[in-house]
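Participant:
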Amino acid sequence: MTDRKTTIETGPDDISEIEVIDVSVEEEEAVNLAGFAPPREPKYEWGIAVKALVDLLNDGSHPDTPVGGLLVVKDTVGEIVRVGYAPEANNLPVYLVEFPGGKLIGCLEEEIIPVLGVRSAAPGRMG
């Protein structure tokens, strides 16, 4: 932030000095200064069928499976049942996916892909 003083004239006999504070910062700096990143819009909506792009391993959130243990194998199809955000991961979208057997797993966008494609902005067209 840069502070500077500027002299302005508002009339023939009135000269005032004001302080100008430069508050323009880059968006990334604003995120770092505030400690907050706005959530990124999710690519996928709840209710769509997705498949796992990789083997999904336990990060410790499934107590019945050892940490690092296999939860779902690659190409297993599931359904997005909820979309949320992970504040600890810069507010990235997290998809709660129900896989066969009722197994609920939180997935990032790079771990899943829609079975029928991604919806486009044009009605009736898949992207």
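First residue of the sequence shown? That's 1 in our numbering, and the numbers climb one at a time after it.
Even for Gly, the Cβ is constructed at its ideal location relative to N, Cα and C.
(1) How far does the beta strand (DSSP E) with ALA86 in it extend, from its first residue to its last?
(2) Please classify LEU71 as buried or exposed, where buried requires at least 16 neighbouring CB atoms within 10 angstroms.
(3) Nearest CA to the CA of LEU57: which residue from GLY117, LYS103, ARG82?
(4) Between which two residues does the beta strand (DSSP E) holding GLU98 run?
(5) Please report the residue range of the beta strand (DSSP E) in which GLY68 lies.
(6) Taking three-plus beta-carbon pairs below 8 angstroms as touching, is the segment 58-70 in contact with the segment 87-94?
Facilitator: With the structure as the only source:
(1) 77-86
(2) buried
(3) LYS103
(4) 92-99
(5) Unbroken run through GLY68: none, as it is neither H nor E.
(6) no
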